[in-house]
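Structure first, commentary second.
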Amino acid sequence: MLDESTKEQVKQYFDRIQKPVTIRLYSGEHEKRDELVSFLKDVKSLSSLITLEDSNDLSDGLRFSIESNGNPTGIHFSGIPMGHEFTSFILAILQSGGNPIKLEEGMLSAVSKLKGEFRFETFISLDCHNCPEVVQTLNSFALVNPSISHNMIDGAMYPELVKEKNIQGVPAVYLNGERFLSGKAEASVIFDKLLELYSLPVIEENSEVVNPSDVYDVTVIGGGPSGVTAAVYSARKGLKTLVIADRLGGQVKDTLGIENIISVPYTTGPELTHVLADQLEKNQIKKKENVRVQKIEPGQTKVIHLNTGEKIHSKTVILSTGAKWRELNVPGEKEYVGKGVAYCPHCDGPFFKDKDVAVIGGGNSGVEAALDLSGIVKSVTLVEFGDKLNADKVLLDKVANSPNIKTLVKAQTTEIQTGDDKVTGLTYKDRSTETTATIPLDGVFVQIGLVPNSGFVKDLVATNRFGEILVDEKCKTNVDGIFACGDVTNTPYKQIIIAMGEGAKAAISAFEYLLHAA
Numbered sequence: 001m002l003d004e005s006t007k008e009q010v011k012q013y014f015d016r017i018q019k020p021v022t023i024r025l026y027s028g029e030h031e032k033r034d035e036l037v038s039f040l041k042d043v044k045s046l047s048s049l050i051t052l053e054d055s056n057d058l059s060d061g062l063r064f065s066i067e068s069n070g071n072p073t074g075i076h077f078s079g080i081p082m083g084h085e086f087t088s089f090i091l092a093i094l095q096s097g098g099n100p101i102k103l104e105e106g107m108l109s110a111v112s113k114l115k116g117e118f119r120f121e122t123f124i125s126l127d128c129h130n131c132p133e134v135v136q137t138l139n140s141f142a143l144v145n146p147s148i149s150h151n152m153i154d155g156a157m158y159p160e161l162v163k164e165k166n167i168q169g170v171p172a173v174y175l176n177g178e179r180f181l182s183g184k185a186e187a188s189v190i191f192d193k194l195l196e197l198y199s200l201p202v203i204e205e206n207s208e209v210v211n212p213s214d215v216y217d218v219t220v221i222g223g224g225p226s227g228v229t230a231a232v233y234s235a236r237k238g239l240k241t242l243v244i245a246d247r248l249g250g251q252v253k254d255t256l257g258i259e260n261i262i263s264v265p266y267t268t269g270p271e272l273t274h275v276l277a278d279q280l281e282k283n284q285i286k287k288k289e290n291v292r293v294q295k296i297e298p299g300q301t302k303v304i305h306l307n308t309g310e311k312i313h314s315k316t317v318i319l320s321t322g323a324k325w326r327e328l329n330v331p332g333e334k335e336y337v338g339k340g341v342a343y344c345p346h347c348d349g350p351f352f353k354d355k356d357v358a359v360i361g362g363g364n365s366g367v368e369a370a371l372d373l374s375g376i377v378k379s380v381t382l383v384e385f386g387d388k389l390n391a392d393k394v395l396l397d398k399v400a401n402s403p404n405i406k407t408l409v410k411a412q413t414t415e416i417q418t419g420d421d422k423v424t425g426l427t428y429k430d431r432s433t434e435t436t437a438t439i440p441l442d443g444v445f446v447q448i449g450l451v452p453n454s455g456f457v458k459d460l461v462a463t464n465r466f467g468e469i470l471v472d473e474k475c476k477t478n479v480d481g482i483f484a485c486g487d488v489t490n491t492p493y494k495q496i497i498i499a500m501g502e503g504a505k506a507a508i509s510a511f512e513y514l515l516h517a518a
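Counting along the sequence shown from 1, when you hit position 25 you're at 25 in UniProt numbering, and nothing is skipped either side.
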């Protein structure tokens, strides 16, 4: 099932395996079992330290687990982990074979101390680019705690189970049989959810004495284009720099095609994220990924509190935490995320094949979502609050030529209708006539813009009514030594190239601040 080029690449990765890994294939019958066996044999052939063994445990014919040095890891797969999940599978083998787990030590330490039984199941789509991060995080948790197990389930292979659980969006995570979370979730989000439910122990610092060598000159909070630019510019000024990010790349990581960065005719979000990570590496910039900042104490030296319990000390801070999808905040929305309400058409669109859906939002993102979905679903109703769609003309021309896209303007969404544990329709108010109407639907995709990720500093720095951090022309906030850049600020026009420029400005401003403070 693997071509020779892929085999050669994986074989090079498998040279890093340090201890025996066993792939344990459970018994059972399934029409795809021969395909799975062929796939696993291909993988097994790429390292002498990997063995493939049958298990007498009865299953559905598509389930297998991974063992490390003869011991269960708690990692299971139900399906053939190709597509985006191929990386999750290969990474699980490498980490089971002794390679380091790339999550923060504080997080792993807390998870390793959990007591009880934690059976995670994640329903995924092989086309979903948000699913691997969830799968890989939970696999990592299983590796550090024998009380945790995790099974990746390919929803396409288990349609009856998907229907029974009424799953209409991925990833969909269950813990001990109960819904744990739905949709895109970074490691920091999953960790916070566990922290909330089970009061995980975190790192305890015994001393408030700080060694001067442990104090950073600049700490950048955020790993998107503005944050990475700020970090690179800071490091090139000779400043001791740290990047703290719940995930490197930020929103860019979820963007498929990017054509408006001057000098780069075309790239994708994952490709650009890889370039950003490479630049951090080449500039030897230290980073803490998959953790979240809870609060910042101001002062000559700022104290940054992480959700792992750790404290970071820094002379300056650059806030570049970006933004997230704006929610409608109407009845039925939050309750039915993953059950008909979605925010990512690329990930969840396939679940609505030949069904009727709505896209809320008439800007570029909404119109692009409608066009993407039009090739999959039966019909798309594009719902816009304003008097007209506000997308680029080239996109509007495509909408005009798409027979299964209907447009509603001056329409205010008031409720998402539900029944039998699924979305059944959308109610809106016609702002011209003040009358209400309901459209029968199977799904609603929300694309109404962004909300700045500024909540953790709302009591520290000044923000406007939208939650954007207020900065001057040099990216200074109202607090000495704290700067901000990118989509989290009131800087107009949320574009990658603008965010990068603002990141450079913030770094130079921080450098000037440190010069005068010395």
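Quick reminder that beta carbons are idealized off the backbone N, C-alpha and C, glycines included.
- When rounded, the separation of the alpha-carbon atoms in alanine 92 and isoleucine 66 is 8 Å.
- Our two residues, glutamate 434 and glutamate 384, have alpha carbons roughly 15 Å apart in a direct line.
- In this structure, the straight-line span from the alpha carbon of tyrosine 513 to that of isoleucine 258 is close to 34 Å.
- Nearest C-alpha to aspartate 192 among Val111, Phe14 and Pro146: Val111.
- With respect to the C-alpha of glutamate 53, the residue from Ser59, Asp60 and Lys41 having the closest C-alpha is Lys41.
- Less than 9 Å separates the beta-carbon of leucine 242 from that of valine 218.
- The DSSP-derived three-state label of glutamate 186 is coil.
- Contact between the stretch 113–125 and the stretch 228–244 is not established, with fewer than three Cβ pairs separated by less than 8 Å.
- The beta-bridge partner set that DSSP reports for serine 65 consists of Arg24 and His76.
- With respect to the 9 Å criterion, threonine 229 and glycine 28 are not classified as neighbours on the basis of their beta carbons.
- Histidine 346 carries a helical assignment under DSSP once its states are collapsed to helix, strand and coil.
- Setting aside the 5 residues that flank it on each side, valine 377 is surrounded in the same chain by Phe352, Lys355 and Val357, each with a C-beta closer than 6 Å to its C-beta; the list follows chain order.
- Of all alpha-carbon atoms in Pro452, Ser320 and Gln417, the one lying nearest the alpha-carbon of cysteine 485 is that of Ser320.
- Listed in chain order, the non-local C-beta contacts of glycine 250 below 7 Å within the same chain comprise Gly222, Gly223, Gly224 and Gly322, local neighbours out to five positions each way being set aside.
- In this model, lysine 388 and glutamate 133 are separated by some 37 Å (Cα to Cα).
- Looking at the DSSP output, histidine 305 bridges to Lys295 and Lys311.
- Glycine 443: member of the beta strand (DSSP E) spanning 443–446, first to last residue.
- Within the same chain, and ignoring the five residues on either side of serine 379 in sequence, the residues whose Cβ sits closer than 8 Å to its Cβ are Asp356, Val357, Asn404, Ile405 and Lys406.
- Per DSSP, reduced to three states, the secondary structure at isoleucine 496 is helical.
- The beta carbon of threonine 316 is closer than 8 Å to those of Asp217, Val218, Thr219, Lys302, Gly481, Ile482, Phe483, Ala510, Tyr513 and Leu514 in its chain, skipping five residues each way along the sequence.
- In this structure, serine 88 places its C-beta atom within 9 Å of the C-beta atom of asparagine 139.
- Its chain contains His84 as the residues whose beta carbon lies nearer than 6 Å to that of histidine 129, once the 5 sequence neighbours on both sides are disregarded; these appear in chain order.
- Restricted to the stretch 426–471, not a single alpha helix (DSSP H) segment is unbroken, complete and at least 4 residues in length.
- Annotation for glutamine 417: the continuous beta strand (DSSP E) segment containing it runs 411–419.
- Listed in chain order, the non-local C-beta contacts of asparagine 453 below 7 Å within the same chain comprise Thr321, Gly322, Ala323, Lys324 and Val488, local neighbours out to five positions each way being set aside.
- Leucine 58 is classed as exposed because its beta carbon has fewer than 16 other beta carbons within 10 Å across all chains shown.
- Boundaries of the alpha helix (DSSP H) harbouring alanine 277: 269–282, taken from the DSSP string.
- In the displayed model, methionine 152 falls within a strand according to three-state DSSP.
- Isoleucine 262 counts as exposed, since fewer than 16 other C-beta atoms from the protein chains shown sit within 10 angstroms of its C-beta.
- A Cβ-Cβ separation of about 6 Å places glutamate 104 in contact with asparagine 290 under the 8 Å criterion.
- Boundaries of the beta strand (DSSP E) around lysine 406: 405–408.
- Spanning the alpha carbons of leucine 328 and isoleucine 167 requires a straight line of approximately 21 Å.
- With a 10 Å radius around the Cβ and a threshold of 16 neighbouring Cβ atoms, histidine 76 comes out buried.
- For lysine 102, the three-state secondary structure derived from DSSP is coil.
- Partner residues in the beta bridge of asparagine 71, as assigned by DSSP, are Ser68.
- Cβ-Cβ distances below 7 Å link glutamate 297 to Val303 in the same chain, with the five nearest sequence neighbours on each side left out; the list follows chain order.
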